[in-house]
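Engineer:
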Amino acid sequence: QSALTQPPSASGSPGQSVTISCSGTGSDVGGHNLVSWYQQHPGNAPKLLIFDIDMRPSGVPDRFSGSRSGNTASLTVSGLQAEDEADYYCTSSAGSNTVIFGGGTKLTVL
Amino acid sequence: QVQLLQSGAEVKQPGASVKLSCKASGYAFTNYYLHWVRQAPGQGPEWIGVISPSGINTFSAQNFQGRVSMTTDTSTSTVYMELGSLRSDDTAFYYCARQSKHPHSLDYWGQGTLVTVSS
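Which chain is which? The protein sequence lines are A and B, in order. Residue 93 in the numbering used here sits at position 93 of the first sequence; the count goes up by one each step and never skips. Residue 1035 in the numbering used here sits at position 35 of the second sequence; the count goes up by one each step and never skips.
Laid out in structure tokens, this is it:
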């Protein structure tokens, strides 16, 4: 099964908003509400940012928001801060109790 | 606090098998599924599989079926993953991660175990 499609890079200046897309199919992103987003800083394990398309775990700032339209999910980071510079990955259920990751997007804060 | 403590780095020859462990603490082990995810250097993560805490239910990615085995030991709150027929492209960090109360979202991760496959 192919990875979900994410842009390899994104960037924005401090205070701006950036949106990262995650494209799949009706068998994964479009067919399940089980889309999550993770942030990963170099040398660390991924950190859960968003689950169930648009829900935030406690402790995650509301600057991070998720959405979905058709077979594409999106992560928006508002009010960019230097510490947001990291890699971001989406995941989705792919049916039959399996999970698929996106290829990842490197976010640069200019 | 929730902790997932993974076993140490491994170096294996091509064709060998590796068995990794992940010891959970700080929560009720029997209430949460555990996933395995790997990440090759400089690459994105790749989902390997998931196991129920009882060990009765396991699901794995098609790429790993027939080559991966996951088990649990509820007496020690430990999950194991064995990967066989190792190849050089299996070289990666291997993470265990707890599935939250929301299916397929992973809220706590282990520190990772580096597996190097080299002759």
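Here a beta-carbon is modelled for each residue, glycine too, at the ideal position from N, C-alpha and C.
So which residues on chain D does tyrosine 1095 of chain B lean against when the C-beta distance must stay under 7 Å?
Structural biologist: Protein chains in the displayed structure are A and B, and chain D is not among them.
Engineer: What residues in the stretch 26 to 54 of chain A have a beta carbon less than 7 Å from any beta carbon of chain B?
Structural biologist: Leu34, Ser36, Ala45, Pro46, Leu48, Phe51 and Asp52
Engineer: Report all residues from its chain with a CB closer than 6 Å to the CB of isoleucine 53 of chain A; omit the five preceding and five following residues, and keep chain order.
Structural biologist: Asn33, Val35, Gly66 and Arg68
Engineer: For asparagine 33 of chain A, is the beta carbon positioned less than 8 Å from some heavy atom of the ligand PLP?
Structural biologist: The ligand PLP is not among the ligands present in this structure, which contains no ligands whatsoever.
Engineer: Select from B:Gln1006, B:Lys1101 and B:Val1079 the residue whose C-alpha is nearest the C-alpha of isoleucine 1056 of chain B.
Structural biologist: B:Val1079
Engineer: Taking Cβ-Cβ distances below 9 Å as the criterion, which residues of the stretch 1035 to 1051 of chain B are in contact with chain A?
Structural biologist: Cβ contacts with chain A come from His1035, Val1037, Gln1039, Gln1043, Gly1044, Pro1045, Glu1046, Trp1047, Gly1049 and Val1050.
Engineer: How many Å lie between serine 11 of chain A and glycine 1008 of chain B at the Cα?
Structural biologist: 36 Å
Engineer: At a CB-CB cut-off below 8 Å, which residues of chain A make contact with proline 1103 of chain B?
Structural biologist: Leu34 and Ser93
Engineer: Go through the stretch 29 to 65 of chain A residue by residue and report every complete run of the alpha helix (DSSP H) that reaches 4 residues or more, in order.
Structural biologist: none
Engineer: Reducing DSSP to helix, strand and coil, say where serine 1088 of chain B ends up.
Structural biologist: helix
Engineer: My assumption, with CB atoms under 8 Å, is that leucine 107 of chain A sits in contact with alanine 86 of chain A. Please give the rounded CB distance.
Structural biologist: 6 Å
Engineer: Cβ atoms of tryptophan 1047 of chain B and isoleucine 100 of chain A: under 9 Å apart, would you say?
Structural biologist: yes
Engineer: Output yes if chain B places a C-beta closer than 9 Å to the C-beta of phenylalanine 101 of chain A; else output no.
Structural biologist: yes
Engineer: Among residues of its own chain, excluding the 5 on either side of valine 1117 of chain B, which ones have a beta-carbon nearer than 7 Å to its beta-carbon?
Structural biologist: For valine 1117 of chain B, where only same-chain residues beyond five positions count, the Cβ hits under 7 Å are Lys1012, Pro1014, Leu1086, Arg1087, Ser1088, Asp1090 and Thr1091.
Engineer: Just to confirm, are glycine 24 of chain A and serine 92 of chain A a CB contact at a threshold of 9 Å?
Structural biologist: yes
Engineer: Roughly how many angstroms lie between the CA atoms of aspartate 1017 of chain B and arginine 63 of chain A, to the nearest whole one?
Structural biologist: A small correction: the amino acid at residue 1017 of chain B is serine; aspartate does not occupy that position in the sequence shown. So the two alpha carbons sit approximately 44 Å from each other.
Engineer: Looking at the unbroken beta strand (DSSP E) that takes in histidine 1035 of chain B, where does it start and where does it end?
Structural biologist: 1034 to 1039
Engineer: Against chain A, with Cβ distances strictly below 9 Å, would alanine 1016 of chain B count as a contact?
Structural biologist: no
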